[in-house]
Structures are given as structure tokens and as C-alpha cells.
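K.L.:
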Amino acid sequence: MLTGVHILLSYTCLYQCDHCFLHCSPGSQGTFTLAQLTRLLDQAAELTTVRRISIEGGEPFLFYPTMLRGIEYAHKLGFEVEVISNGYWAQDSEDAKVWLEPLVQAGLTILNVSDDEFHHGDATPSPAKAALQAAQELQMQNHAFRIDPPCVTEASAQGREKGAPIVGGDVRFRGRAVDKLTGGLPLTDWQSFGQCPDEDFAAPGRVHIDALGFVHLCQGICIGNVWERPLTEIMAAYVPEEHPICGPLLRGGPAALAQEHGLDREHGLDREHGFAQGYVDACHLCYLTRKALRASFPEQLAPPQTYGE
Ligand code: SF4
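Once you know that position 127 of the sequence shown is 130 in the numbering used here, the rest is easy, because the numbers rise by one and skip nothing.
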């Protein structure tokens, strides 16, 4: 049952982080207008199962007036509202409160802030900490999101030889992380990745929706477009097993996705698409497989900016 809608308010961000799933950057296009935002919130309300709206990006505070009105409207419709930000706007906690107070009055109750070196380098104290302190003082729920850089460790892991090197840290190797962060890391045979580690394709509990209207189950895997038909119809029409991308992922993870679409020739190699001998994690294989399939499934594997195009 769908209980959460994550609104990608914009693909634009003031940063261009190496680990970003969505290839966000200052030049990325695709931002909600206020009219689109209210239209989407009305669609979410029609579902009657959605409880929480999460506003994220890109960086939503770059579009503060739209975000503010969106929070107000979502609150009026009865949703719990959270925002996910990198906290760049927090010079110190007193200034941060000035940014947050109107949002709290509009109905925002949860602030999540990315607080790691990908976003803020070695700035001390990080703007994220000031933002979180302000949220604390305003008695909002607040959480720090931290992604640790990849590191190589020796450990036993399910299905791997005990003592074999594996990759630690929290980075999922999809989006820009594939180009920027996979170099030098230990690789594992494609057939090992028989399960998606994160998403429930059988019964999704949340979706991400961008300004172009795409409804994503994982970033870049889409089941419809809300500017073409309403979210109620998209969710009702979703049959996981019949979806050309979600179906294989459900049956056997990224390995099945590659295999069912014929990309498993020669030990997972498809040299035309630059496939490697092995992959750092399941998302690495999944992302490269999807990128190779983009031309065949332009509606399901979209929009282009999530594939760095
Ligand atoms: S395996 Fe694929 S679908 Fe699953 S979380 Fe990773 S990128 Fe997303």
C-alpha cells in the first residue's frame, strides 16, 4: 500500500556530489511550478492511502517560495510533511531558525539533513549541524543523513568467500557514483546479484515523482507519468510481474534483469555497452544494465537526467 510520496521538487542542486543517484547539479533541469505541485498533491490525496509527503531534490531550499506553498497545501490536505535538504542555507542556528519558522507555521514537522563530507567537505561546524540544531530548538523531528565513502574491508558476506574483500560504507553504486566512485574497488561476479537490496517492487510503499511527471519506484525506474494519467490509475494499473524492468528485478534481482534482456552473454559481458567483468554491488549491475536498455524502454527508464544524459 502506497503510504509515502517523495516529491523531487527539482533536479537542480548547488552541489554536484559524486554519490548522487540522480546526477543533480547546478545545470540540471526539471523543477515543479506551484500549479504542478498542487495538482500532484491533489492526486496523492485521491489515493487516500498516502500519509506522508517528503519534499526533496536536488535541493528544495533553492525554490523556497514554491516549497513553502507546497508544504502549506500538503498540510491543508492532511498530510504529514517532511523536507530533505543538504542544509546549505544554515549559516548558524539562529539564522537557520529564520528559514525554518515560516515552514513550521505552514505545517512542516520533520527536517532531514545530509551531514557528510560528500555535501560539506571538511567545513566545521557543518551547515547541516546548524540546521539540525535550529530544528531541535523549534521542536521539530530532525534526522541527520550520513553517507560514508566506500572503503574496502575483509569480511565474510553472504554468498562470498570468507575473508574476500568487500566494499563497506553506505554508498549505493548507481547514478553518478558509478562513474565517480567505483574505480579500484573489488568486483563480484554478476550472477551473485540475485536480489534488489532496497526496493519492494511487489508492493511499493513509496514512490518518487519528479516535475516531468515520472513516477519512480527506484530512481530511473518508472511506472507511469502523472501528467498523462492520475496517480490512482497508475497505481491500479501497475502489475509488477508484467513490468519489463520491475518484473525481472522481482524474479531475480539485477542478475535476472541482465539475463532476461539478453545482456548476460560471455559472463555478463556486453562489450558494446561497456559492461565490466564484475560489479561493486547490485545497484552497479542494475544501473549499467538499465542504461544499456534505455533505448528499448524509454518510458520505463526515464528521465534522461537520471542516467546522466
Ligand atoms: S538493485 Fe536496482 S532497483 Fe534495487 S535499489 Fe539498486 S538500483 Fe534500485
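Ideal Cβ placement from N, Cα and C applies to all residues, glycine included. All figures in this text were calculated on a predicted structure; none of them were measured in a lab.
Going by DSSP in three states, Y310 sits in which element: helix, strand or coil?
P.N.:
helix
K.L.:
Just reading off the alpha helix (DSSP H) that L253 is part of, what are its end residues?
P.N.:
249-263
K.L.:
Using the three-state DSSP reduction, which class does Y282 fall into: helix, strand or coil?
P.N.:
strand
K.L.:
CA-CA distance, L103 and N145?
P.N.:
12 Å
K.L.:
In chain order, what residues of the same chain lie with their CB nearer than 8 Å to the CB of G256, ignoring the 5 residues before and after it?
P.N.:
F196, G197, Q198, C199, A285, C289
K.L.:
Excluding the 5 residues flanking M4 on each side, which residues of the same chain have their C-beta closer than 8 Å to its C-beta?
P.N.:
T52, A206, G208
K.L.:
Regarding E316 and the ligand SF4, is the C-beta to nearest heavy atom distance less than 7 Å?
P.N.:
Since the first and last residues shown for the chain are 4 and 312, residue 316 lies out of range.
K.L.:
Taking the alpha-carbon positions, what's the L282 to T185 distance?
P.N.:
Rather than Leu, the amino acid found at residue 282 in this sequence is Tyr. Roughly 9 Å between the two C-alpha positions.
K.L.:
Applying the 10 Å Cβ sphere with the 16-neighbour rule, what's the burial state of E164?
P.N.:
Low per-residue confidence applies at E164: pLDDT is 49, beneath 50, and the placement is therefore not dependable enough to give any value.
K.L.:
Name the DSSP beta bridge partners of V218, please?
P.N.:
I212
K.L.:
Over what stretch of residues does the beta strand (DSSP E) that includes R55 continue unbroken?
P.N.:
55-59
K.L.:
Could you name the residues that DSSP lists as bridge partners for F300?
P.N.:
According to DSSP, which records beta bridges pairwise, F300 is partnered with nothing at all.
K.L.:
If you reduce the DSSP assignment to three classes, tell me which class G110 lands in.
P.N.:
coil
K.L.:
For a test of your reading of the model: does the CB of R209 fall under 7 Å from any non-hydrogen atom of the ligand SF4? Yes or no.
P.N.:
Taking 7 Å as the cut-off, one finds no heavy atom of the ligand SF4 near enough to the beta carbon of R209.
K.L.:
Indicate the three-state DSSP secondary structure (helix, strand or coil) for L17 in the structure shown.
P.N.:
coil
K.L.:
Which of helix, strand or coil does DSSP assign to C289?
P.N.:
Of the three classes helix, strand and coil, the one that applies to C289 here is helix, per DSSP.
K.L.:
Roughly how many angstroms lie between the CA atoms of L188 and F204, to the nearest whole one?
P.N.:
Between L188 and F204, the alpha-carbon positions lie close to 29 Å from each other.
K.L.:
What number of angstroms, rounded off, separates the C-alpha of G250 from the C-alpha of Q262?
P.N.:
Each residue's Cα considered, the two are about 12 Å apart.
K.L.:
Could you check if Y67 is buried or exposed, using at least 16 other CB atoms within 10 Å of its CB as the buried criterion?
P.N.:
exposed
K.L.:
Looking only at C-alpha atoms, which of L291, C16, W193 sits nearest to H26?
P.N.:
C16
K.L.:
Any chance you could list the alpha helix (DSSP H) runs of at least 4 consecutive residues sitting entirely within the stretch 28-54, in chain order?
P.N.:
37-50
K.L.:
To the nearest angstrom, report how far apart P130 and D201 are at their CA atoms.
P.N.:
29 Å
K.L.:
What separation, rounded to the nearest whole angstrom, lies between the Cα atoms of L106 and E97?
P.N.:
15 Å
K.L.:
I'd like to confirm something about I226: is its beta-carbon nearer than 7 Å to some heavy atom of the ligand SF4, or not?
P.N.:
no
K.L.:
Identify every residue that forms a DSSP beta bridge with S129.
P.N.:
Residue pairing from DSSP leaves S129 without any beta-bridge partner.
K.L.:
Among A99, D213, Y18, I226, whose alpha-carbon lies nearest the alpha-carbon of I58?
P.N.:
Of A99, D213, Y18, I226, the residue nearest in Cα terms is D213.
K.L.:
What I want to know is whether the C-beta of Y290 ends up closer than 7 Å to one or more non-hydrogen atoms of the ligand SF4.
P.N.:
yes
K.L.:
N198 by DSSP, collapsed to three states: which one?
P.N.:
At residue 198 the sequence reads Gln, which differs from the Asn that was named. Coil at Q198, not helix or strand.
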